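Student: Here our numbering runs 262 ahead of the position in the sequence shown, where the first position is 1.
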Amino acid sequence: MPEGPEMQRAADQLAEVLLRRKSQLVKFGLDGLSQYENQLAGRRITDVRCRGKAVLLRFAGGRTIYTHNQLYGRWYLRPRGDSPQTNRQLRLRIDTNRHSALLYSASDIQVCDSAELATHPYLTKLGPEALDTGLDASTIERRLRERGFVNRGLAALYLDQGFLAGIGNYLRSEIFFVAGIDPTLKPKALDRNA
Numbered sequence: 263m264p265e266g267p268e269m270q271r272a273a274d275q276l277a278e279v280l281l282r283r284k285s286q287l288v289k290f291g292l293d294g295l296s297q298y299e300n301q302l303a304g305r306r307i308t309d310v311r312c313r314g315k316a317v318l319l320r321f322a323g324g325r326t327i328y329t330h331n332q333l334y335g336r337w338y339l340r341p342r343g344d345s346p347q348t349n350r351q352l353r354l355r356i357d358t359n360r361h362s363a364l365l366y367s368a369s370d371i372q373v374c375d376s377a378e379l380a381t382h383p384y385l386t387k388l389g390p391e392a393l394d395t396g397l398d399a400s401t402i403e404r405r406l407r408e409r410g411f412v413n414r415g416l417a418a419l420y421l422d423q424g425f426l427a428g429i430g431n432y433l434r435s436e437i438f439f440v441a442g443i444d445p446t447l448k449p450k451a452l453d454r455n456a
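Structure follows, in structure tokens:
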């Protein structure tokens with residue numbers, strides 16, 4: 263599954279071709295979403311951001327496309343009308359006058375208004391963003407000591423997006439390796455002075 267850095271990179275690349283541009287075409291490849299195609303076509307994309315492992319594409323008028331790649335989803339960016347050679351299933355296509363943003367194989371795509379985003383079950387449970395430049399060691403240390411986290415094993419805790427958003431298997435492994443911490447420990451067993 264793509265982790266936070268890969269999804270942030272995808273969001274940055276999407277922003278390069280979509281941000282502040284009008285969508286010429288929006289096409290969904292999942293049932294139940296075609297009703298939004300005409301509502302979103304012709305609208306300007308006003309924000310592209312990553313939250314945890316999700317990408318949010320906000321359109322003028324207040325609607326946002328929420329996408330989570332899950333295990334197999336992948337974004338492709340192409341000149342408008344060009345499609346990659348792939349056996350994947352196209353789930354979302356957004357064309358501007360110059361580019362096509364194509365999301366293949368993702369199974370979690372939703373169109374939300376502001377109120378729905380504010381109560382979205384995935385987004386509301388996310389902890390601090392691992393890639394947030396304002397995140398510091400004291401914030402993580404404080405969270406490790408919180409009641410809901412202090413008695414959980416570190417290996418499982420660092421995969422919990424509610425503890426720290428955007429971390430997956432490879433980042434978790436690297437964090438413990440570089441820090442020299444046994445991932446089978448619980449936060450309560452860590453020495454603050456080590």
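Backbone N, C-alpha and C define an ideal beta-carbon position, used for all residues, glycine too.
Remember, predicted model here, so these are calculated numbers, not experimental data.
Within a Cβ cutoff of 7 Å, which residues of the same chain sit near residue 373, ignoring the five residues on either side of it in sequence?
Tutor: Within the same chain, residue 373 has close Cβ partners 295, 298, 325, 327.
Student: Quick one: any contact between the region 364-383 and the region 412-426, if contact means 3 or more CB pairs under 8 Å?
Tutor: Because the criterion of three Cβ pairs below 8 Å is not met, the region 364-383 and the region 412-426 do not touch.
Student: If residue 406 and residue 447 are in contact, beta carbons under 8 Å, what's the gap, nearest whole angstrom?
Tutor: The pair is not a contact, with the Cβ atoms about 11 Å apart (cut-off 8 Å).
Student: So for residue 438, helix, strand or coil by DSSP?
Tutor: The answer is helix: DSSP assigns residue 438 an H, G or I state.
Student: Can you name the start and end residues of the alpha helix (DSSP H) that residue 400 belongs to?
Tutor: Here the alpha helix (DSSP H) through residue 400 covers 399-406.
Student: Nearest CA to the CA of residue 423: which residue from 303, 315, 280, 378?
Tutor: Answer by Cα proximity: 315.
Student: Is the region 267-282 in contact with the region 341-349, if contact means three or more CB pairs nearer than 8 Å?
Tutor: Judged by Cβ distances under 8 Å, the region 267-282 makes no contact with the region 341-349, as fewer than three pairs qualify.
Student: Mind checking residue 355: buried by the 16 CB within 10 Å criterion, or exposed?
Tutor: The residue is buried, with at least 16 neighbouring Cβ atoms inside 10 Å.
Student: Applying the 10 Å Cβ sphere with the 16-neighbour rule, what's the burial state of residue 301?
Tutor: That one is exposed.
Student: Quick check on the burial criterion: 16 or more other C-beta atoms within 10 angstroms. Buried or exposed for residue 351?
Tutor: Per the 10 Å Cβ criterion, exposed.
Student: Would you mind reading off the limits of the alpha helix (DSSP H) that contains residue 279?
Tutor: Start and end: 266-280.
Student: Inspect the beta-carbon positions of residue 335 and residue 368 and report whether they are closer than 7 Å.
Tutor: Yes, they are a contact pair.
Student: List the endpoints of the continuous alpha helix (DSSP H) containing residue 418.
Tutor: Per DSSP, residue 418 belongs to the alpha helix (DSSP H) from 416-419.
Student: Thinking C-beta only, is residue 339 closer than 7 Å to residue 310?
Tutor: In this structure, residue 339 does not lie closer than 7 Å to residue 310 by Cβ.
Student: By Cβ distance below 8 Å, which residues in the same chain neighbour residue 375 in space, the five residues on each side in sequence not counted?
Tutor: Excluding residues within five positions, the ones whose Cβ falls inside 8 Å are 324, 325, 326.
Student: Look up residue 316 in the DSSP assignment and give the residues it is bridged to.
Tutor: Per DSSP, 313, 330.
Student: Go ahead and label residue 272 buried or exposed: buried means 16 or more other beta carbons lie within 10 angstroms of its beta carbon, across all protein chains shown.
Tutor: Classification for residue 272: buried.
Student: Taking just the CA atoms, how far does residue 388 sit from residue 442?
Tutor: Each residue's Cα considered, the two are about 26 Å apart.
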